[in-house]
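Student: Going line by line, the protein sequences match chains E and F.
Each residue of the first sequence is one higher than the last, beginning at 1 in the numbering used here.
Each residue of the second sequence is one higher than the last, beginning at 1001 in the numbering used here.
Just so you know, even glycine gets a beta-carbon here, dropped at the ideal spot from N, CA and C.
Sharing a structure with you now.
2 protein chains.
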Amino acid sequence: MAKEPAPKLPASTRRSPCPVACSLDIVGDRWTLLIIRDLLLGRSRFKEFSASPEGIPTNILSERLVRLRRSRIIEQIPADDGSKRRAYQLTEKGEALRPLLEALRDWGLTWEKGTRAALTPIPRRRASTAQ
Amino acid sequence: MAKEPAPKLPASTRRSPCPVACSLDIVGDRWTLLIIRDLLLGRSRFKEFSASPEGIPTNILSERLVRLRRSRIIEQIPADDGSKRRAYQLTEKGEALRPLLEALRDWGLTWEKGTRAALTPIPRRRASTAQ
DNA sequence: TTCATTACTTGCATTTTGCAACCATTATTA
DNA sequence: TAATAATGGTTGCAAAATGCAAGTAATGAA
């Protein structure tokens, strides 16, 4: 990871106690929610996030994954392909962002011409269900 | 306004046709949705946005207001205090962001300790209802 | 053991942010 | 009416974040 982005985001560094502002402190940038989107779509590996059409730079992706793990929105699990590599998956806290992503999707579909649905409801996967 | 931020945000400058990515191109930063929050709470003047506890810098606020008008999310109307000054209000497209803000609020309230509700449902105001 | 892939890190140029100061109108007051 | 204050911004600049290309360490495959 490139640079330490503050130890744990303690409540004292928040801009205000407003839950909207607080949520934006955590997921309010151009890339973080795209990673969440990919996870909701079933993607789980660094390479898969990197391959998404928006083309997130690898240094940004790497830093965001660290930040998301610190915020307990994602966790690392053993990859289900038998290799030693690890995969990412949403925690319960991360899964709870689904309505937010759906709201973003619905607004975009309704008000911006030329967008096409990408975030369809997919079956939830739960931790330790390595299937 | 400080610097022209691209004429109209034509579809061709989008990172992808994904409606989530497209929405984030428009409202995906740390400040824009706080302005929308304030508008949903009934605030309508530059000074009121500026006075919110998160303390948005005035140059950022100014640039975001221009951008939001370009995206037809807000519009300027005559202030309802009889003065020559103008106020901002949400368009229908902007009001349609309400579920998104509610999702942000709910997630913050549930998962981040120490946040307090700020975005409560308030009666809608419609354009040209200068009351 | 060599090569390819994955999952990153590093360096650097460009862009955005944040802060403080300043300025032009509009409104208030004396 | 003149002076003063408040509103709604700009401007300049330092610091931080972003984006791109290139490099690297640790697997995994042949």
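Identify which residue in F:VAL1020, F:GLN1076, F:ASP1038 and F:PRO1099 has its Cα closest to the Cα of CYS21 of chain E.
Tutor: The displayed chain sequence assigns Ala, not Cys, to residue 21 of chain E. The candidate whose alpha carbon is nearest that of ALA21 of chain E is F:ASP1038.
Student: Kindly indicate which three-state DSSP category ARG1015 of chain F falls into: helix, strand or coil?
Tutor: Three-state DSSP puts ARG1015 of chain F in coil, outside helix and strand.
Student: Can you pull the chain F neighbours of LYS93 of chain E, defined as C-beta to C-beta under 8 Å?
Tutor: Within chain F, the residues near LYS93 of chain E are TRP1111.
Student: Classify ALA1117 of chain F as helix, strand or coil using the three-state DSSP reduction.
Tutor: The answer is coil: DSSP assigns ALA1117 of chain F none of H, G, I, E or B.
Student: Which residue's Cα is closest to the Cα of GLY42 of chain E: E:SER16, E:GLU95 and E:THR13?
Tutor: The shortest C-alpha separation from GLY42 of chain E is found at E:GLU95.
Student: Chain F beta carbons: is any one of them nearer than 9 Å to that of GLY42 of chain E?
Tutor: No - not a single Cβ of chain F is within 9 Å of the one on GLY42 of chain E.
Student: Check whether the region 1025-1032 of chain F and the region 18-33 of chain E are in contact - that is, three or more C-beta pairs closer than 8 Å.
Tutor: The region 1025-1032 of chain F vs the region 18-33 of chain E: in contact.
Student: Kindly list the residues whose CB is nearer than 8 Å to the CB of ALA118 of chain E, restricted to its own chain and excluding five residues on each side of it in sequence; keep chain order.
Tutor: Within the same chain, ALA118 of chain E has close Cβ partners ARG37, LEU41 and ARG105.
Student: Name the chain F residues whose beta carbon is nearer than 7 Å to that of ALA103 of chain E?
Tutor: Result: PRO1099, LEU1100 and ALA1103.
Student: Would you check if the distance between the CB atom of ARG1015 of chain F and the CB atom of GLY114 of chain E is smaller than 9 Å?
Tutor: No. Outside cutoff.
Student: In whole angstroms, give me the CA-to-CA distance for ARG116 of chain E and LEU109 of chain E.
Tutor: Near 7 Å, if we compare the C-alpha coordinates of LEU109 of chain E and ARG116 of chain E.
Student: So which residues on chain E does LEU1068 of chain F lean against when the C-beta distance must stay under 7 Å?
Tutor: In chain order: nothing, as chain E lies at least about 13 Å away.
Student: Could you compute how far the alpha carbon of PRO1099 of chain F sits from the alpha carbon of GLU63 of chain E?
Tutor: Approximately 29 Å between the Cα atoms of the pair.
Student: Taking all protein chains shown into account, do 16 or more other C-beta atoms lie within 10 angstroms of the C-beta of GLU1092 of chain F, making it buried, or fewer, making it exposed?
Tutor: Exposed.
Student: Counting only Cβ pairs nearer than 8 Å, list the residues of chain E close to ASP1080 of chain F.
Tutor: The contacting residues do not exist; ASP1080 of chain F stays about 25 Å from chain E at best.
Student: Since PRO78 of chain E sits in a beta bridge, which residues does DSSP pair it with?
Tutor: Its beta-bridge partners are E:ARG86.
Student: Using a C-beta to C-beta distance shorter than 9 Å, which residues of chain F count as neighbours of ILE58 of chain E?
Tutor: Here the sequence assigns Thr to residue 58 of chain E, which means Ile is not the residue at that position. The contacting residues do not exist; THR58 of chain E stays about 16 Å from chain F at best.
Student: Please list the partners that SER50 of chain E has in chain F, where partner means a Cβ-to-Cβ separation under 7 Å.
Tutor: Within chain F, no residue comes near SER50 of chain E; the closest Cβ sits about 14 Å away, beyond 7 Å.
Student: Can you name the start and end residues of the alpha helix (DSSP H) that GLU1054 of chain F belongs to?
Tutor: Run containing GLU1054 of chain F: none; DSSP gives neither H nor E here.
Student: Provide the residue span of the alpha helix (DSSP H) that contains ALA96 of chain E, from first to last.
Tutor: Here ALA96 of chain E belongs to no alpha helix (DSSP H), and DSSP marks it neither H nor E.
Student: By a C-beta neighbour count over all protein chains shown, 10 Å radius and 16 as the cutoff for buried, is LYS1008 of chain F buried or exposed?
Tutor: The predicted position of LYS1008 of chain F is uncertain, since its pLDDT is 38 and thus under 50; a value taken from the coordinates is nonetheless stated next. Answer is exposed; the Cβ neighbour count stays below 16.
Student: With H, G and I counted as helix, E and B as strand and the rest as coil, what does DSSP make of TRP107 of chain E?
Tutor: The answer is helix: DSSP assigns TRP107 of chain E an H, G or I state.
Student: For THR91 of chain E, does the three-state DSSP call read helix, strand or coil?
Tutor: Three-state DSSP puts THR91 of chain E in coil, outside helix and strand.
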